[in-house]
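Q: Structure incoming, see below.
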Ligand SMILES: [Zn+2]
Ligand SMILES: [Zn+2]
């Protein structure tokens with residue numbers, strides 16, 4: 159038996175266990191072995207470990223898919239990455255051969271493999287991935303911030319779908335890490351009237367402190383009226399990060415405006431008056447994962463255009479991953495970083 163390491167393994171429903179497992183080995187020529195420096199807990203990890211689970215992962219898989227680390231070994235076919243290189247990873251490995259990959263939509267790949275969900279991820283000392291999905295990142299970037307490259311790449315994919323211009327107005331529904339990253343990106347793009355909707359008190363207060371825009375509690379305040387009053391006609395763009403608020407998004411967007419749908423809630427089934435979309439000439443766009451947006455995300459992080467360190471509210475060693483998950487489950491944290 160080879161060398162062992164500690165890892166957070168999703169064993170069965172509601173059962174995430176930190177235990178010793180063998181260090182993964184390179185088995186294909188295109189793979190690299192990465193020593194994990196930091197791995198961020200994603201909302202998806204919270205859903206996977208919930209009872210009943212809100213997202214399905216393969217039992218006995220090491221979780222963790224938002225990470226940064228150093229290349230420590232590589233297969234014989236790897237020629238673009240050097241040993242010692244610091245990298246971030248697109249956890250959604252694509253085949254490069256199917257009809258969607260050929261249409262340059264790797265996020266829709268028919269053979270997509272999700273690291274830390276379908277196969278072993280990065281809540282561990284080491285992780286093996288294909289060289290196709292690694293992206294170099296500067297060594298002076300804070301490790302926790304670098305670990306946020308994956309969610310930021312997803313955010314960039316969504317922002318790319320909206321033709322945002324300076325002076326535009328926007329609403330972001332949901333002030334979790336993705337919502338706040340969207341708000342930061344919109345602000346840096348010159349959006350001047352920005353509204354953030356959030357019902358959880360801790361997250362609302364956190365968003366308030368970031369001073370990105372007006373924070374509204376849609377339960378106690380009339381969000382639609384506030385947005386219409388401030389903009390005169392409704393917002394140019396509305397981003398839903400909850401996966402369930404499309405009806406109110408269509409209500410808050412102006413005629414000819416755009417609604418971008420980020421969040422996934424497989425249970426959401428709200429009735430919508432289709433004529434609203436038709437007669438207001440609204441564009442409704444879905445956005446899923448990162449689509450060739452890692453280079454853009456890495457350069458945003460390296461240049462410091464937005465400061466993601468403001469979103470990191472806790473850092474734990476791997477042994478205390480359950481504390482991090484609990485904080486997120488209670489809505490008392492934004493980004494939690496695990497250092498194995
Ligand atoms: Zn994630
Ligand atoms: Zn494919």
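Numbering (our numbering), first residue to last: 159 to 498.
Ideal Cβ positions, reconstructed from N, Cα and C, are used throughout, including at glycine.
Tell me the residue span of the beta strand (DSSP E) that contains residue 177.
A: First-last of the beta strand (DSSP E) with residue 177: 173-180.
Q: Would the beta-carbon of residue 177 be found less than 7 Å away from any heavy atom of ligand 2?
A: Checking every heavy atom of ligand 2 against the Cβ of residue 177, none is found closer than 7 Å.
Q: Check whether the region 304-324 touches the region 357-374, taking contact to mean three or more Cβ pairs, one atom from each stretch, closer than 8 Å.
A: Not touching, per the Cβ criterion.
Q: Here's a check: name, in chain order, each residue in its chain whose Cβ is nearer than 6 Å to the Cβ of residue 416, leaving out the five neighbours to either side.
A: If we look at residue 416 and ignore the five residues flanking it on each side, its Cβ neighbours are 320, 395 and 441.
Q: Are the Cβ atoms of residue 264 and residue 450 separated by less than 8 Å?
A: Yes; because the gap between Cβ atoms is below 8 Å, this pair is in contact.
Q: Since residue 510 contacts residue 191 with CB under 8 Å, what's their CB separation in whole angstroms?
A: Here the chain has residues from 159 to 498 only, and residue 510 is not among them.
Q: So does residue 252 have its beta carbon nearer than 7 Å to some heavy atom of ligand 2?
A: Yes, ligand 2 has a heavy atom inside 7 Å of this Cβ.
Q: Near residue 386, which residues of its chain fall below 8 Å by C-beta distance, leaving aside the five closest residues on each side in sequence?
A: Hits under 8 Å: 392 and 410.
Q: Give me the Cβ distance between residue 224 and residue 267, rounded to the nearest whole Å; I'm assuming they're in contact under 8 Å.
A: Actually they are not in contact, since the Cβ atoms of residue 224 and residue 267 sit about 19 Å apart, beyond 8 Å.
Q: Pull up the DSSP beta-bridge partners for residue 219, would you.
A: BP columns for residue 219 point to 168.
Q: Can you find the residues in the same chain that come closer than 6 Å, C-beta to C-beta, to residue 333, ignoring five residues on each side of it along the sequence?
A: Once the five neighbours on either side are set aside, the close Cβ partners of residue 333 are 354, 356, 361 and 365.
Q: Identify, in the order they occur along the chain, each residue of the same chain with its Cβ nearer than 6 Å to the Cβ of residue 230, setting aside the five sequence neighbours on each side.
A: Contacts found: 191 and 193.
Q: Of the choices 200, 291 and 327, whose alpha-carbon is the least far from that of residue 302?
A: If we check each option's Cα against that of residue 302, 200 comes out closest.
Q: Considering only the beta carbon of each residue, do residue 294 and residue 245 sit closer than 8 Å?
A: Yes. Within cutoff.
Q: Give me the Cα-Cα distance between residue 270 and residue 478, rounded to the nearest whole angstrom.
A: Distance between the alpha carbons of residue 270 and residue 478 is about 31 Å.
Q: Quick check: the region 210-221 against the region 252-262, are at least 3 beta-carbon pairs closer than 8 Å?
A: They do not touch, by the three-pair rule.
Q: Can you tell me whether residue 271 sits near ligand 1, meaning its C-beta is under 7 Å from at least one heavy atom of the ligand?
A: Incorrect: residue 271 has no Cβ contact closer than 7 Å to ligand 1.
Q: For residue 430, which option in 282, 405, 348 and 220 has the closest C-alpha, if you only look at C-alpha atoms?
A: Ranking 282, 405, 348 and 220 by Cα distance to residue 430 puts 405 first.
Q: Under three-state DSSP, which class holds residue 213?
A: Looking at residue 213 - three-state DSSP - the assignment turns out to be coil, as it is neither helix nor strand.
Q: Give a yes or no on whether the C-beta atoms belonging to residue 401 and residue 421 are separated by under 8 Å.
A: In this structure, residue 421 lies closer than 8 Å to residue 401 by Cβ.
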